[in-house]
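In the numbering used here, each number is its position in the sequence shown, counted from 1, plus 10. Backbone N, C-alpha and C fix where the C-beta goes; we use that ideal spot for every residue, glycine too. One structure is given here, and the rest of the page talks about it.
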Amino acid sequence: MSTPSKLHRLCVFMTLADEEQFSDAVRTSLPTVRFVSATQQPETPTPTFRSSLRECAGPHVTLVDTSIISEGMFHREDVVRHPSGRGWVYAIVGVGLASLVRSRLDDDGLWNGELRASVPVGDMRTAEYVRELMSVVRTAGKRIFAVDPMTKNIARRAEKNFIAWPDAASRFGAKEAPLLTNGPTARFAVER
């Protein structure tokens, strides 16, 4: 039976410039956090721990607080052989871990990414890490508001658990032509 846990989730819009600022903010507030790129899963059971998102490729990145779980422990306990026998699978949530699915750009605009963590009940160290990580994201982020696709009216209340970082907000969050999205008809503006 698995350990009960509490899920934390925050939808976030970030450009590459925002990711640089995010990496800097994480290094300042949480200096023991390292980034693990899921793109290494086909090739190695010992993924490289990196100090910046810039060093990671692909859409999925695991954020590891090395004060809670060391690199060696991660390799031993959070990397398993892929069921197909080809490559490995890296944990994305759990003790000392958080996961970032990066925002993506396409013809419709900037689609949100997602920062998430599943904190085991009673794990105070991971709970504190995730609380601080979410605070880092919220502090620099701007609130966003849903835009009605038919009338172009903007909602009165900000969307809960949605944040746009400064570059994404200025480039894609205009009230007149919102390009922040998370679905075919969903649009968000930064200002009300």
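Buried versus exposed, by CB contacts within 10 Å (16 or more), A187
exposed
CA-CA distance, R60 and V46?
6 Å
Using the DSSP secondary-structure output, state which residues sit across from E124 in a beta bridge.
C21 and V111
First and last residue of the beta strand (DSSP E) that includes F45?
V43 to S47
Any idea if M160 is buried or exposed, counting beta-carbon neighbours within 10 angstroms, 16 or more meaning buried?
exposed
Is the beta carbon of L17 sitting closer than 7 Å to the one on S128?
yes
Out of curiosity, what's the CA-to-CA distance linking F23 and T54?
30 Å
Starting from the C-beta of V200, find all residues in its chain whose C-beta is less than 7 Å away, skip the five residues before and the five after it, and write them out in chain order.
K152, I154, A174, A179 and G183
Looking at the unbroken alpha helix (DSSP H) that takes in L63, where does it start and where does it end?
First-last for L63: undefined, no H or E at that position.
Could you give the first and the last residue of the continuous beta strand (DSSP E) run that contains T72?
H70 to D75
Would you kindly work out how many angstroms separate the C-alpha atoms of D116 and G132, rounded to a whole number?
41 Å
Would you kindly work out how many angstroms separate the C-alpha atoms of V140 and D118, rounded to a whole number?
31 Å
For T191 and T42, the rounded distance between their alpha carbons:
32 Å
Nearest by alpha-carbon distance to T149: which of Q50, S15, I102 and V36 is it?
V36
Taking the alpha-carbon positions, what's the G193 to W121 distance?
8 Å
For L189, the residue or residues it bridges with in DSSP
None, per the DSSP bridge assignment.
Hey, how far is the Cα of P14 from the Cα of K162?
42 Å
Buried or exposed by the 16-neighbour rule on C-beta atoms within 10 Å, applied to A48:
buried
List the residues that DSSP assigns as beta-bridge partners of D116.
G119
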